[in-house]
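So the structure is just underneath, and the comments pick up after that.
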Amino acid sequence: MGHAEPIDNHRHRNNHHHQAVDGLLNLFTKANHDLTLVQHKLEKEFQQIYPDNANPIELVSRIKKVQDDVSSLKGQCSELLAAKQDLIDKARTVLVGNRSLMKKLQASTGVPVTKDSDDPACTNFNQIIDEWTAQLRSRTGDEMHESNSEDINQLLFSAIVQGN
0 MGHAEPIDNH RHRNNHHHQA VDGLLNLFTK ANHDLTLVQH KLEKEFQQIY PDNANPIELV
60 SRIKKVQDDV SSLKGQCSEL LAAKQDLIDK ARTVLVGNRS LMKKLQASTG VPVTKDSDDP
120 ACTNFNQIID EWTAQLRSRT GDEMHESNSE DINQLLFSAI VQGN
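0 is the number of the first residue of the sequence shown in numbering that gives the first Met the number 0; add one for each residue after it.
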C-alpha cells in the first residue's frame, strides 16, 4: 500500500498539469474568438464608411498582391532578357560566320565581294541593334557608353523598372 500514495500524487500532478494546459487553451480560444469578432466588426465598419473599392483592408491586400506580382514579373523579365541577349549573340555569330563564308565564296569564284553595307540582312540586323542601343541610351541617360553590348538588356530592364 505504500505505493498507492505516490501514484495518487502523480495523478494529482498530471491532473493539475492538464488543468493548467486546459486553462491556457481556453484563454487562447477566447482570445482567438475575440480577435475574430474585432476583425468582423472592423470589416463591417469599413464597408459602411468606405466605398467598395476604398476599403483599407482590401487595398492593403491588393497592394501586397501587386508587390508579389511585380517581384515575380521582374524575375520573368530577367529570364526573357537573358534569353533575348543569348538569341542576339547567336544571331550575330551566325550572321558574321555566314558573311565570312559568303565573302570567301565570292572571292574564290571571282564574283565581286559584297560590302556589309550592300548586304540587306547585315544592314537590317545592324539597324535593329543600333535602334535597340539608341532606345537603351534614351532610357538610361546615355550611361551605356561605359558598358558593353552584353549588358544592354540588363541596363534597359533596370531603366524600365526604375522608371515605373
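Idealized CB from N, CA, C, for every residue including glycine. As the structure is a prediction and not an experimental result, all values here were calculated from the model.
Taking 7 angstroms as the threshold (C-beta atoms), are residue j and residue i in contact?
i	j	result
C121	D115	yes
L94	F124	yes
K103	V112	no
From which residue to which residue does the alpha helix (DSSP H) around residue i run?
i	result
T92	55-108
Since residue i and residue j should fall inside the 8 angstroms C-beta cutoff, what is the C-beta to C-beta distance between them, to a whole number of angstroms?
i	j	result
I62	F45	Their Cβ separation, rounded to whole angstroms, is 15 angstroms, which puts I62 and F45 out of contact at 8 angstroms.
R98	D117	In fact, because the Cβ distance is near 11 angstroms, the residues do not count as touching under 8 angstroms.
I want to see whether chain C comes within less than 7 angstroms of residue i, judged by CB atoms only; does it?
i	result
A133	You won't find chain C in this structure, because it holds only one protein chain.
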